[in-house]
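Start counting the sequence shown at 34; every next residue gets the next number (the numbering used here).
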Amino acid sequence: NAIKDRKIDAFFWVGGLPTAAITDLASTPGVKIKLIDHADLVPAMNRKYGDLYAQDVIPKDMYRGMDADNRQATVMNLLVAHQNMDEKTAYDIVKAVFDHKEELVRVHKEAENFKLENQKKEASPIPWHPGAVKYFSEKGIKLQ
């Protein structure tokens, strides 16, 4: 609401697409959103923080009023467990996420991006939990 109330001129957000608050803001009479391209910063961000970021595009039809696609940095969704979580529990959680993906998509469209093939690259300094490794191995996914 701070933009709507003219208390701030800009802000940063991280969230799945579409983000309800941004959809609401873009639909507000008298407000025109302008997303700033920043995908060119990804290599420097990865050098500094590790390979957590990727270049991506928010299509211009995502939010009302966008004039062009927005080239931006994307951070991957990570499901993190304590290293002492038992293997069966971790396995069951990963299995539930991937085996019930359609249910998650009904809750939020971003779950469409939960793909087994995306698990091939470890985009985190955190090691894979043995329970996750077991599930991915059963599905034929070879982790790097």
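Backbone N, C-alpha and C define an ideal beta-carbon position, used for all residues, glycine too.
Computed from a prediction, not measured in an experiment: that's the story for all the values here.
Spatially closest choice to residue i from the options, by CA coordinates
| i | options | result |
| --- | --- | --- |
| Pro76 | Gly49, Gly98, Gln105, Tyr168 | Gln105 |
| Ala165 | Phe131, Val140, Arg139 | Phe131 |
| Asn117 | Trp161, Lys172, Tyr82 | Trp161 |
| Asp42 | Pro163, Asp84, Glu171, Ile66 | Ile66 |
Under 9 Å between C-beta atoms of residue i and residue j
| i | j | result |
| --- | --- | --- |
| Ala29 | Met109 | Here the chain covers residues 34 to 177 and nothing more, so residue 29 does not appear. |
| Arg97 | Thr56 | yes |
| Leu149 | Asn103 | no |
| Gln152 | Ile126 | no |
| Met99 | Leu50 | no |
| Phe147 | Lys134 | yes |
| Pro92 | Glu120 | no |
Beta bridge counterpart(s) of residue i as assigned by DSSP
| i | result |
| --- | --- |
| Thr107 | Ala87 |
8 Å contact criterion, which residue i and residue j should meet: CB distance rounded
| i | j | result |
| --- | --- | --- |
| Phe45 | Ile36 | The pair is not a contact, with the Cβ atoms about 12 Å apart (cut-off 8 Å). |
| Asp89 | Thr107 | 4 Å |
List, from N- to C-terminal side, the beta strand (DSSP E) runs of 3 residues or more that fit wholly inside the region 39 to 104. 86 to 91
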